[in-house]
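Visitor: Can you keep this structure in mind? I'll have questions shortly.
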Amino acid sequence: MELHDVWFVVIAVLWTGYFFLEGFDFGVGVLTKLLARDRSERRVLINTIGPVWDGNEVWLISAGAATFAAFPEWYATLFSGFYLPLLLILVCLIIRGVAFEYRAKRSEERWQTNWEHAIFWTSLLPAVAWGIAFGNIVRGVKIDADKEYVGNLLDLLNPYALLGGLVTLALFTFHGAVFTALKTVGDIRGRARRLATGLGLVSAVLALGFLIWTQLDKGDGSSLIAAAVAVVALVGAIGFNLAGREGWSFAMSGVTIVAAVAMLFLTLFPNVMPSSLDPRWNLTVANASSTPYTLEIMTWCAGIATPLVMLYQGWTYWVFRKRIGTQHIADASH
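Here you go:
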C-alpha cells in the first residue's frame, strides 16, 4: 500500500468520525422542533450537545485540511464544482455555532425563539446537503479532461443524490433521538425512545433503498459486506431501542453510520471523484495526490497529533457523561 492509498483511508476515517459525531449533533438540533414541547425541554436538548458540538466539527476541519494537503486536485475540483452546496453548509455551521452561543445572551422570548429556529434549520439543511454531496461524489459528476467540473447546480440534484440527502437526514435524526434517550431522564427520555422507533423504521426503508441502488450501480464484494453490516446494525439499533437499552442502541446506530460511510468509500476506491463523462477523466488516488515527500511529512504529523486529539475528545465525553432533565434547568427563560 502506497502513501496515497493510506491517506485515502485516513480521509475516509475522518469523514466517518465526523458523520458519527456530528450526525447525532445534527439530529438533536432537528429534534429541538420535533421532540421538545417547551423552552425548558429545548434547553435540555441543547445542553446534551453543548459541551461537545464544537469538538465534533474538528473532524470536518481535519477532513477538509487532509484532502487539501494530500489530494489537492480532488480538493480543487470538489470545492469548485460543489461551491454553492458547500457554501450553504459553511454558512449553516457558522450560524449554528453563533446560535448556540448567543441564544442565552438575552432573556427576550423573540430573541431566543429566533436563535432556536436557527439551530433547527442549520442542523437540518447540512444533514441533507452532506447526503446530496456524497451521493454525487459516489455517482460521478461531469469532470472533463482538465480535471474541472463542467456541470451545474441542477446536475447535483439528481434522484440518487436526493435520496442520499433523505437518508442522511433520517439516519442522523434517528441517531440524535437515540442519543437524546441516552443522555436524558424523565418524560423526554421516554418520548425520545418512542420517536426513535419511528425514525429508525423510516431510516431503514430509505437506507435499504439507497444501499441497494449503490451496490447495484457501483458495488463489489467488500461494499456488499459493509452494506450488510449497516443493515444489520440498524435493525439492532431499533431492537435495542425498543428494549430500552439506549447505550447499545446508540452504539448500533453509530455502527450503521460507520458501515454506510465505509461502503461509500469502498465503492469509490481507487477513484476519489469519478467522471460521468469519461472514465479516463476520473480523479484517482494516484493522479489527484500530492508528492510522496508531502505525504510522508503529513503522515508523521498525523501520527503524533491524531492520538492526542482523540484522547482529549474522549476525555470530554467522559466528563460530560451524566444524564440531564428539565429538573436541572433552573430558569427556562435562558
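Everything in the sequence shown is counted per this note's numbering, starting at 2 for the first residue and increasing by one.
Note that CB positions come from ideal geometry on N, CA and C, so glycine has one too.
Measuring only from the beta carbon, is V14 closer than 6 Å to any heavy atom that is part of the ligand SAH?
Guide: Among the ligands in the structure shown, none appear at all, so the ligand SAH cannot be discussed.
Visitor: Have a look at the DSSP bridge pairing and note the partners of V142.
Guide: In the sequence shown, residue 142 corresponds to position 141, counting from 1. The partner list for V142 (beta bridge, DSSP) reads S276.
Visitor: Measuring straight from C-alpha to C-alpha, what distance separates W131 and G166?
Guide: Counted from its first residue, the sequence shown places residue 131 at position 130. Counted from its first residue, the sequence shown places residue 166 at position 165. Answer to the nearest angstrom: the Cα atoms are 7 Å apart.
Visitor: Report the partner residues of L284 according to the DSSP bridge assignment.
Guide: If you number the sequence shown from 1, residue 284 lands on position 283. Partner(s): M274.
Visitor: State the start and end residues of the unbroken alpha helix (DSSP H) segment that holds E23.
Guide: Taking the first residue of the sequence shown as position 1, residue 23 is located at position 22. Where E23 is concerned, the enclosing alpha helix (DSSP H) stretches over L4 to L35.
Visitor: On a Cα-Cα basis, can you pick out the residue from E42, L61, T268 and G191 that is closest to I90?
Guide: In the sequence shown, the residue the question calls residue 90 occupies position 89. Selected option, being the one with the closest Cα: L61.
Visitor: In or out: W316 buried (at least 16 other Cβ within 10 Å) or exposed?
Guide: For this step, residue 316 is matched to residue 315 along the sequence shown. With fewer than 16 other Cβ atoms within 10 Å, it is exposed.
Visitor: Just reading off the alpha helix (DSSP H) that P52 is part of, what are its end residues?
Guide: If you number the sequence shown from 1, residue 52 lands on position 51. First-last for P52: undefined, no H or E at that position.
Visitor: Have a look at D1 and F72 and give me their C-alpha separation to the nearest angstrom.
Guide: Outside the modelled stretch of the chain, which goes from 2 to 335, sits residue 1, for which no answer is possible.
Visitor: Going by Cα to Cα distance, which pick from D147, L278, L183 and V139 is closest to L164?
Guide: Translated into the one-based positions of the sequence shown, residue 164 becomes position 163. Nearest option by C-alpha distance: V139.
Visitor: Work out the CA separation of K148 and E74 for me, nearest whole Å.
Guide: Taking the sequence shown and counting its residues from 1, one reaches residue 74 at position 73. Taking the sequence shown and counting its residues from 1, one reaches residue 148 at position 147. Between E74 and K148, the C-alpha separation is close to 8 Å.
Visitor: Between which residues of its own chain and L22 is the CB-CB distance below 7 Å, once the five residues before and five after are set aside?
Guide: On the sequence shown, residue 22 is found 21 positions in, with the first residue counted as 1. Excluding positions up to five away in sequence, the list reads N57 and W60.
Visitor: Please tell me whether S277 and V142 are closer than 7 Å, where the distance is taken between their beta carbons.
Guide: Sequence index remark: in the sequence shown, residue 277 carries index 276 (1-based). Sequence index remark: in the sequence shown, residue 142 carries index 141 (1-based). Yes, these two residues count as a Cβ contact at 7 Å.
Visitor: Would you kindly work out how many angstroms separate the C-alpha atoms of R194 and G201, rounded to a whole number?
Guide: Position 193 of the sequence shown, counted from the first residue, corresponds to residue 194. Position 200 of the sequence shown, counted from the first residue, corresponds to residue 201. Roughly 10 Å between the two C-alpha positions.
Visitor: Going along the chain, which residues of its own chain have a beta-carbon closer than 6 Å to the beta-carbon of A205, five neighbours each way excluded?
Guide: Within the sequence shown, numbered from 1, the residue matching residue 205 stands at position 204. So the list reads L235, once near-sequence residues are dropped.
Visitor: So is E117 buried or exposed if we call it buried at 16+ other beta carbons inside 10 Å?
Guide: Mapped onto the sequence shown, residue 117 falls at position 116. The residue is buried, with at least 16 neighbouring Cβ atoms inside 10 Å.
Visitor: In the DSSP assignment, the alpha helix (DSSP H) including I95 goes from what residue to what residue?
Guide: By one-based count along the sequence shown, residue 95 stands at place 94. Residues Y84 to Y103.
Visitor: Could you pull the DSSP bridge partners for Y150 from this structure?
Guide: The residue given as residue 150 occupies position 149 in the sequence shown. DSSP output for Y150 lists I144 as bridge partner(s).
Visitor: On the DSSP bridge list, what partners appear for T185?
Guide: Indexing the sequence shown from 1 puts residue 185 at position 184. Per DSSP, I325.
Visitor: Pick helix, strand or coil for N159, following the three-state DSSP scheme.
Guide: One-based indexing of the sequence shown puts residue 159 at position 158. Coil, per DSSP.
Visitor: Which term fits M2, buried or exposed, when burial requires 16 or more other beta carbons within 10 angstroms of its beta carbon?
Guide: Here residue 2 is taken as the residue at index 1 of the sequence shown, counted from 1. Flag for M2 reads exposed.
Visitor: By how many angstroms is the C-alpha of L243 removed from the C-alpha of S250?
Guide: Walking along the sequence shown from the start, residue 250 turns up at place 249. Walking along the sequence shown from the start, residue 243 turns up at place 242. C-alpha separation (whole angstroms): 9 Å.
Visitor: Give the straight-line distance between the Cα atoms of L209 and A197, rounded to the nearest whole angstrom.
Guide: As a working mapping, residue 209 is identified with position 208 in the sequence shown. As a working mapping, residue 197 is identified with position 196 in the sequence shown. Roughly 17 Å between the two C-alpha positions.
Visitor: Taking the runs of the alpha helix (DSSP H) that are 4 residues or longer, which of them lie wholly in the stretch 189–247?
Guide: The qualifying runs are 222–243.
Visitor: Can you tell which of T33, G18, G245 and I298 has the C-alpha that lies nearest to the C-alpha of A119?
Guide: If you number the sequence shown from 1, residue 119 lands on position 118. For the residues T33, G18, G245 and I298, the minimum Cα distance to A119 belongs to T33.
Visitor: Leaving aside the five residues before and after V45 along the sequence, list all residues of the same chain whose C-beta is less than 7 Å from its C-beta, in chain order.
Guide: On the sequence shown, position 44 is the one that residue 45 refers to. T185, I189, I325, G326, T327 and I330, listed in sequence order.
Visitor: Alpha helix (DSSP H) containing E385: first to last residue?
Guide: The question about residue 385 has no answer here: the residues shown for the chain are numbered 2 through 335.
Visitor: Going by other Cβ atoms of all chains shown within 10 Å of its Cβ, with 16 needed for buried, is S224 buried or exposed?
Guide: The sequence position of residue 224 within the sequence shown is 223, counting from 1. When all chains shown are included, S224 counts as buried.
Visitor: State the Cα-Cα distance for the pair I12 and R43, rounded to the nearest angstrom.
Guide: Counting from one through the sequence shown, the residue named residue 12 turns up at place 11. Counting from one through the sequence shown, the residue named residue 43 turns up at place 42. Using only the alpha carbons, I get a separation of about 34 Å.
Visitor: Quick check: the Cα distance between I239 and W301, rounded to an integer number of angstroms?
Guide: The sequence position of residue 239 within the sequence shown is 238, counting from 1. The sequence position of residue 301 within the sequence shown is 300, counting from 1. Rounded to whole angstroms, I239 to W301 spans 41 Å at the Cα level.
Visitor: Just to confirm my understanding: we take A70, look at its own chain, exclude 5 residues before and 5 after, and list those with CB closer than 6 Å. What are they?
Guide: Position 69 of the sequence shown, counted from the first residue, corresponds to residue 70. Closer than 6 Å at the Cβ level, and outside the excluded window around A70, lie M299.
Visitor: Among residues of its own chain, excluding the 5 on either side of T17, which ones have a beta-carbon nearer than 7 Å to its beta-carbon?
Guide: Stepping through the sequence shown from its first residue, residue 17 is reached at position 16. Hits under 7 Å: V259, V262 and A263.
Visitor: If I measure Cβ to Cβ from D145 and keep anything under 8 Å in the same chain, skipping five residues before and after, which residues do I get?
Guide: Numbered from its first residue, the sequence shown carries residue 145 at position 144. Closer than 8 Å at Cβ, skipping near neighbours: V151, S276, L278 and W282.
Visitor: DSSP on A289, reduced to helix/strand/coil?
Guide: Looking up residue 289 in the sequence shown gives position 288. Residue state, collapsed to three classes: coil.
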